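Read the structure below first, then the notes.
4 protein chains.
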Amino acid sequence: MTRQTPTKYVTDGIGFVRLVDSMGSDARVVQAARVSYGPGTKTKRQDDKLIDYLMRNRHTSPFEKVVFEFHVKAPIFTARQWMRHRTGSYNEVSARYSEMKNEFHVPVTFHMQHERNKQGSGTPLKDSLQPVATTVYKRAIREAYECYERLLDLGVSREEARMVLPVSLYTEFYWTVNLRNLLHFLELRLDPHAQDNIREYAGLLLEFAREVAPVSVEAWERHWKEGA
Amino acid sequence: MTRQTPTKYVTDGIGFVRLVDSMGSDARVVQAARVSYGPGTKTKRQDDKLIDYLMRNRHTSPFEKVVFEFHVKAPIFTARQWMRHRTGSYNEVSARYSEMKNEFHVPVTFHMQHERNKQGSGTPLKDSLQPVATTVYKRAIREAYECYERLLDLGVSREEARMVLPVSLYTEFYWTVNLRNLLHFLELRLDPHAQDNIREYAGLLLEFAREVAPVSVEAWERHWKEGA
Amino acid sequence: MTRQTPTKYVTDGIGFVRLVDSMGSDARVVQAARVSYGPGTKTKRQDDKLIDYLMRNRHTSPFEKVVFEFHVKAPIFTARQWMRHRTGSYNEVSARYSEMKNEFHVPVTFHMQHERNKQGSGTPLKDSLQPVATTVYKRAIREAYECYERLLDLGVSREEARMVLPVSLYTEFYWTVNLRNLLHFLELRLDPHAQDNIREYAGLLLEFAREVAPVSVEAWERHWKEGA
Amino acid sequence: MTRQTPTKYVTDGIGFVRLVDSMGSDARVVQAARVSYGPGTKTKRQDDKLIDYLMRNRHTSPFEKVVFEFHVKAPIFTARQWMRHRTGSYNEVSARYSEMKNEFHVPVTFHMQHERNKQGSGTPLKDSLQPVATTVYKRAIREAYECYERLLDLGVSREEARMVLPVSLYTEFYWTVNLRNLLHFLELRLDPHAQDNIREYAGLLLEFAREVAPVSVEAWERHWKEGA
Chain A
2 MTRQTPTKYV TDGIGFVRLV DSMGSDARVV QAARVSYGPG TKTKRQDDKL IDYLMRNRHT
62 SPFEKVVFEF HVKAPIFTAR QWMRHRTGSY NEVSARYSEM KNEFHVPVTF HMQHERNKQG
122 SGTPLKDSLQ PVATTVYKRA IREAYECYER LLDLGVSREE ARMVLPVSLY TEFYWTVNLR
182 NLLHFLELRL DPHAQDNIRE YAGLLLEFAR EVAPVSVEAW ERHWKEGA
Chain B
2 MTRQTPTKYV TDGIGFVRLV DSMGSDARVV QAARVSYGPG TKTKRQDDKL IDYLMRNRHT
62 SPFEKVVFEF HVKAPIFTAR QWMRHRTGSY NEVSARYSEM KNEFHVPVTF HMQHERNKQG
122 SGTPLKDSLQ PVATTVYKRA IREAYECYER LLDLGVSREE ARMVLPVSLY TEFYWTVNLR
182 NLLHFLELRL DPHAQDNIRE YAGLLLEFAR EVAPVSVEAW ERHWKEGA
Chain C
2 MTRQTPTKYV TDGIGFVRLV DSMGSDARVV QAARVSYGPG TKTKRQDDKL IDYLMRNRHT
62 SPFEKVVFEF HVKAPIFTAR QWMRHRTGSY NEVSARYSEM KNEFHVPVTF HMQHERNKQG
122 SGTPLKDSLQ PVATTVYKRA IREAYECYER LLDLGVSREE ARMVLPVSLY TEFYWTVNLR
182 NLLHFLELRL DPHAQDNIRE YAGLLLEFAR EVAPVSVEAW ERHWKEGA
Chain D
2 MTRQTPTKYV TDGIGFVRLV DSMGSDARVV QAARVSYGPG TKTKRQDDKL IDYLMRNRHT
62 SPFEKVVFEF HVKAPIFTAR QWMRHRTGSY NEVSARYSEM KNEFHVPVTF HMQHERNKQG
122 SGTPLKDSLQ PVATTVYKRA IREAYECYER LLDLGVSREE ARMVLPVSLY TEFYWTVNLR
182 NLLHFLELRL DPHAQDNIRE YAGLLLEFAR EVAPVSVEAW ERHWKEGA
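As you go down the protein sequences, you meet chains A, B, C and D in turn.
This note's numbering puts the first sequence at residues 2 to 229.
This note's numbering puts the second sequence at residues 2 to 229.
This note's numbering puts the third sequence at residues 2 to 229.
This note's numbering puts the fourth sequence at residues 2 to 229.
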């Protein structure tokens, strides 16, 4: 059904995830599994045990029967990480087609380079440097957007002008994904090694998944979330 | 939504396709396309033109937004052709787990080998030979099923006993597929070079697709069905 | 390179796996990983540690850089399990196009139904019943093949006549698969719950994989083979 | 085999495509097709006719037997279009892990917005405005890179500092793709509606494909390149 679920926002108040639609639920997972493993009895308790069994033993195909349609607004650098997951279907705003709005992700707090984890952030930058970093960051995106507008004013095409826009620019896309692949996404993107921004989105996606298929998500948390 | 659509049967009266559920429709295709190409105006006529444009130019990703859940009963030789399409999700009855019923596909009419098309059937076998062919065919499947039961009676495991069962045996599966990949399936399986049995299923799938996304299917028929 | 590796046979002496070609090796995995994680130093010892790190943390994409081309001969029931793995590319003999040879898999030993594992075999059938089971089994496949030949003699097309052939019939196919997906196949098909026949093939595939990418396979065995 | 083919550059002299390795050729396509359609005779002329037949009738699976490993250096906006093709395998430089070099794509000539094609560029900007556009563009990327360095100097982590870098920044990745999917990529990315930059890369990829599988590529050009 087309849903009226509230849009869930990330902390900068611009990025969001919205569940547009979904198909199936825990009952569909059970139905698909029972075609393989026999109808058996059908109490709620036995269905839950079957889902637990499937999840524990990584019998993942029944979880492909639950499908989600999400509407996402996220910065380009996060969208880039997101779309490395090739198992979903994407439709994204085109900066060749549409003029981009002046909307950029700005970190609330800046962090220092992590000492051992070469790809991550460590502790927050000291307080006295936070406003300096914010000022430099904001200058960069303001300059970029001004140049973008200046190029458009000169008559330059959108597809060429946008080349100066930074990866903190907000984009939007629709994402169709099934529960199996969503949970795999969450294993990677809820992980402490994932970047803060995409981890926030993963947390929102997890909430939506739990609303649609609570027994499956609980079984996944029991068996895989921590181990991953 | 979970649907109460009638089950559609193939001509032998055993095989069927049932639409269990679906997500999205022509409106969803338009919504996904407009995120890329701008909202523009939104009359029914303009939406239909947009779908026609997308289909004509093979901008296929918006058609991935419509998703179907089918329940299929088909002979193994047809299920084998079906599952070569790797873009859907399958859950099938297991002959390792469940005892197979005495249900086999029997052709209503036998055909001669096609003279030029090495992989196809040609004109029907002459009338006098039809009952001979039917008798031979039925003897084969009767013997096979008797041996299967005999092996089970001896205590042989289901997974070993079933090895004697022919590919005309009926199996069942659930199939999740989006409209883009369903239409690609139909291009190949409605084709005159496809085997009669799977062409029947393709015809039923086409009817369901038309009920869910009539404008998209009509546009596909206009631009691609014949050319394929 | 096109390889002259020996063909490896399963125990019935008919089924086989042959490594036709491969691309990449452990060095390619390292090369792909270093584009993401920096060149760093490059001793053999450090490369091996990097592979171990990637495998342990399920950073699987570098393992997609090693690609195999296999030629497989297997019974249909095993080919059916095999092709449920949708991540490889398959080209299979067509029983619509070619007349099938009189080649079927016959179990050397029959097993009883497993008492608790509903989808598996348990202990061997007692000795006195083995020849009975073998006789029944062989009668079934002999009758089936005779009916197949009789139908062809009547002039029935190959695609219709083959419907009487059992799933123990041998088929052949080419399979292109990368190391990541091959290892996932092995996790499922080396498992004690997999059927004996496909486990034999999995064992042969593992040997070929080890010849091509020994460090990666060893790391996988250390971290995942047992846990799966 | 690991190849020593020359690296092919795009016109800005920074971006490139390099064929790292490949597996298979026209002969492999023929071999895979003949397992389905029978061995038949095997003159060069007949093999070429078979490839033409496969291509004309979109029997695409044998073309999955030829696999390429490319090393690509391209601006982020092009890499984004590239990676929407989900059928290949990617390993990319991480701006979280490594400090980015001061390398950006700068258009040699700027173009005006196309009047009718909303997503494309039209005729070149008039000569008098070219240096103005170039100055604005270069100022934007210089400012962005200066802010990036300034943030790093303040101690900000690489993953946060890089958020100010524009999508014209150069990135590098390895791409594994089979011939079938490469040709599909080329159909979309050689198209006049594709952006100039990615069309240049598509042209280079086409040259490499032709070197590896000349008969297949010629058949594709005959039947599909223009129609696409």
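Glycine is no exception: its CB is placed at the ideal position from the N, C-alpha and C atoms.
Note that this is a predicted model, so its numbers are computed, not measured.
Cβ proximity to chain C below 9 angstroms picks out Glu173, Phe174, Tyr175, Thr177, Asn179 and Arg181 from the region 160-182 of chain D.
Per DSSP, the beta bridge partners of B/Arg19 are B/His72. Note that the region 143-160 of chain A does not touch the region 57-64 of chain A; fewer than 3 beta-carbon pairs, one per stretch, sit closer than 8 angstroms. Residue burial is scored here from C-beta neighbours: C/Pro63 has at least 16 other C-beta atoms within 10 angstroms and is therefore classed as buried. Interface annotation, B/Leu152: in contact with chain C, CB-CB separation under 7 angstroms. Put simply, of B/Pro7, B/Ile142, B/Gly121 and B/Asn198 the residue whose alpha carbon is nearest the alpha carbon of B/His72 is B/Pro7. The beta-carbon of B/Lys66 is placed less than 7 angstroms from the nearest beta-carbon of chain A.
When the Cα atoms are used, B/Ser95 and B/Met84 turn out to be separated by approximately 15 angstroms. Spanning the alpha carbons of C/Arg200 and C/Asp13 requires a straight line of approximately 14 angstroms. D/Val21 is positioned such that its CB atom lies closer than 7 angstroms to that of D/Glu70. The beta carbon of A/Asn92 falls within 7 angstroms of a beta carbon belonging to chain B, placing the residue at that interface. With a minimum length of 4 residues, the unbroken runs of alpha helix (DSSP H) contained wholly in the region 74-142 of chain D fall at 77-83. Under a criterion of Cβ atoms nearer than 9 angstroms, no residue of chain A is adjacent to D/Leu191; the nearest Cβ is some 17 angstroms distant.
For C/Asn182, the three-state secondary structure derived from DSSP is helix. Taking C-beta atoms under 8 angstroms as the contact rule, C/Ser26 and C/Val67 qualify, at a distance of about 6 angstroms. For A/Phe209, the enclosing alpha helix (DSSP H) begins and ends at Asp197 to Val213. As computed with DSSP, D/Tyr175 is found in a beta bridge with D/His72 and D/Asn92. C/Leu205 and C/Thr177 have their alpha carbons spaced roughly 16 angstroms apart. For the pair B/Tyr91 and B/Phe174, the CB atoms are nearer than the 7 angstroms cut-off. Contact between the region 103-119 of chain A and the region 130-141 of chain A is established, with three or more Cβ pairs separated by less than 8 angstroms. Collapsing the DSSP output to three states places C/Val165 in a helix. Less than 7 angstroms divides the Cβ of D/Leu170 from the Cβ of D/Ile77. The residue from A/Ala162, A/Lys45, A/Leu166 and A/Asp128 with its alpha-carbon nearest to that of A/Ala145 is A/Leu166. Contact between A/Val36 and A/Leu51 fails: their C-beta atoms lie close to 12 angstroms from each other, not under 8 angstroms.
For the C-beta of B/Gly16, not a single chain C residue is nearer than 7 angstroms; the gap to the nearest is close to 13 angstroms.
For A/Tyr138, the closest C-alpha among the options D/Ala162, D/Leu126 and D/Lys45 is that of D/Ala162.
Along the region 94-128 of chain C, the positions whose C-beta sits under 9 angstroms from a C-beta of chain D are Val94, Ser95, Tyr98 and Ser99, read in chain order. Scanning its chain for C-beta atoms nearer than 6 angstroms, with the 5 sequence neighbours on each side dropped, one finds around A/Arg19 the residues Thr8 and His72, in chain order. Distances from the alpha-carbon of D/Asp48 to those of D/His224, D/Ala220 and D/Glu188 put D/Ala220 closest. Residue contact check for A/Asp48 against chain B: no CB pair falls below 7 angstroms. Closest option to C/Arg97, judged by alpha-carbon separation, among B/His194, B/Val218 and B/Phe209: B/His194. For C/Ala203, the closest Cβ of chain B is not nearer than 7 angstroms. Put simply, of D/Gln114, D/Ser129 and D/Leu130 the residue whose alpha carbon is nearest the alpha carbon of D/Gly123 is D/Gln114. Relative to A/Val216, the option among A/Tyr10, A/Val168 and A/Ala28 whose CA is nearest is A/Ala28.
Annotation for A/His224: Met56 and Arg57 place their beta carbon closer than 6 angstroms to its own, counting only its chain and skipping 5 residues before and after.
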